[in-house]
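In this note's numbering, the protein residues as written are 3 to 374.
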């Protein structure tokens with residue numbers, strides 16, 4: 003079985019944007035695509051039925067968190083992640099490499115691997131690239147990610163170069179250890195915020211001939227223009243026939259800027275995280291529904307949105323739910339935010355196909371930069 007096949011159908015004439023299809027064992031994924039994040043085998047506040055209702059084509063789950071709880075062996079005994087969470091469409095599992103960055107106070111990096119101290123109970127575990135592959139193969143996602151080391155921002159050159167070299171060595175070890183034929187293994191481009199290191203990483207991983215490539219270590223605190231510049235620098239060195247995945251990016255502006263620079267896949271916890279705190283995306287920008295000004299407004303969250311939430315409920319009601327701490331409030335705002343991004347990406351794909359991506363992007367930002 004081919005574990006991953008990627009087709010590019012249309013390339014934009016005025017940018018590096020492209021429209022494609024990623025063929026995976028559990029279905030075809032149109033690109034560019036945004037992947038909702040189900041860190042612990044669930045997208046917070048959303049059911050699988052609702053995710054399908056808003057046209058979710060692929061989900062992301064996290065290897066490190068599922069390894070800690072409930073454990074990859076238990077999930078394997080349930081038939082893998084798809085059966086465990088009752089999701090029959092594609093899944094991508096992040097390797098846990100981001101936790102090497104985000105849990106820096108609770109881990110020790112060695113050449114062999116990373117020793118983590120569990121944030122749940124303080125117990126120690128040691129994850130090598132080989133063990134990471136064992137875990138991800140047990141989880142059984144359509145796409146697994148290589149174990150990598152993500153550098154912080156800011157980061158001095160020597161530290162970034164050492165982390166990059168280790169990432170490349172770990173990528174080679176992951177490549178050798180990965181044996182599951184129905185699962186694609188993506189390499190991850192690193193290099194912190196140094197152009198030469200990023201280009202070196204893109205070239206080195208391209209030579210390893212992975213079926214796809216993540217771009218990691220961005221959106222970790224650096225200015226957005228810096229991220230955009232680095233994407234432009236490495237794009238020529240990334241295989242054009244392979245999918246490119248910008249990891250951890252999920253605001254509407256970053257999605258559009260990423261697509262313009264040749265990115266095919268995105269993921270982020272942002273839309274559901276800010277939703278639970280009462281912030282939603284609208285065509286005019288972000289709206290903080292907690293604010294008192296919305297208490298008596300009978301209009302929807304976004305008057306241009308046709309999602310079930312906006313067709314049914316008022317700002318005043320949703321504000322009441324959020325302020326009262328009612329679970330329904332977080333469910334409604336999460337539903338809306340994910341719908342907003344997934345519909346935007348459908349529109350982006352159509353715009354690329356019709357040769358009007360630049361116009362779509364300009365029209366979007368003309369409204370999105372306003373205050374709702």
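Every residue, glycine too, gets a C-beta built ideally from N, C-alpha and C.
- Cβ contact annotation for residue 354 (same chain, cutoff 6 Å, sequence separation greater than five): 12, 14, 19 and 21, in chain order.
- In its chain, beyond the 5 residues on either side, 316, 317 and 318 have a beta carbon closer than 7 Å to the beta carbon of residue 299.
- Between the alpha carbons of residue 255 and residue 5 lies a distance of about 32 Å.
- Residue state for residue 144 is assigned as coil, using DSSP reduced to three classes.
- Secondary structure of residue 46 (DSSP, three-state): coil.
- For residue 217, the uninterrupted beta strand (DSSP E) run begins and ends at 215 to 217, by DSSP.
- Residues of the same chain with a CB within less than 8 Å of the CB of residue 370, apart from the 5 flanking positions on each side, are 254, 255, 285, 286 and 287 in chain order.
- Apart from the 5 residues on each side of it in sequence, residue 110 sits with its Cβ closer than 6 Å to the Cβ of 117 in its chain, given in chain order.
- Straight across, the Cα-Cα distance linking residue 155 with residue 167 is about 18 Å.
- Taking C-alpha positions only, residue 282 is separated from residue 329 by approximately 16 Å.
- The count of Cβ pairs closer than 8 Å, one atom from the region 331 to 345 and one from the region 232 to 251, stays below three, leaving the stretches out of contact.
- The three-state secondary structure of residue 179, taken from DSSP, is helix.
- DSSP lists no bridge partner for residue 229.
- The beta carbons of residue 122 and residue 65 sit no closer together than 8 Å.
- The DSSP assignment places complete beta strand (DSSP E) segments of no fewer than 3 residues inside the region 50 to 75 at 61 to 64, in order along the chain.
- Leaving aside the five residues that flank residue 277 on each side, the residues in its chain whose CB is nearer than 6 Å to its CB run, in chain order, 335, 336 and 339.
- Around the CB of residue 54, fewer than 16 other CB atoms lie within 10 Å, so the residue is classed as exposed.
- Short of 6 Å from the beta carbon of residue 157, and not among the five residues preceding or following it, lie these beta carbons of its own chain, in chain order: 194.
- The beta carbons of residue 289 and residue 36 sit no closer together than 8 Å.
- In this structure, residue 23 lies near residue 32, with their beta-carbon atoms less than 8 Å apart.
- Taking C-alpha positions only, residue 259 is separated from residue 190 by approximately 20 Å.
- Secondary structure at residue 291: coil, using DSSP grouped into helix, strand and coil.
- Nearest neighbour of residue 150 by Cα position, chosen from 133, 226, 68 and 320, turns out to be 133.
- Less than 8 Å divides the Cβ of residue 172 from the Cβ of residue 131.
- When secondary structure is reduced to three states using DSSP, residue 23 falls in the strand class.
- Here DSSP, grouped into helix, strand and coil, assigns residue 356 to coil.
- Counting other Cβ atoms within 10 Å of its Cβ, residue 245 reaches 16 or more and is therefore classed as buried.
- Nearest neighbour of residue 46 by Cα position, chosen from 163, 221, 79 and 279, turns out to be 279.
- Considered as a whole, the region 65 to 132 harbours 93 to 96, 109 to 111, 116 to 119 and 126 to 129 as its complete beta strand (DSSP E) runs of no fewer than 3 residues, in chain order.
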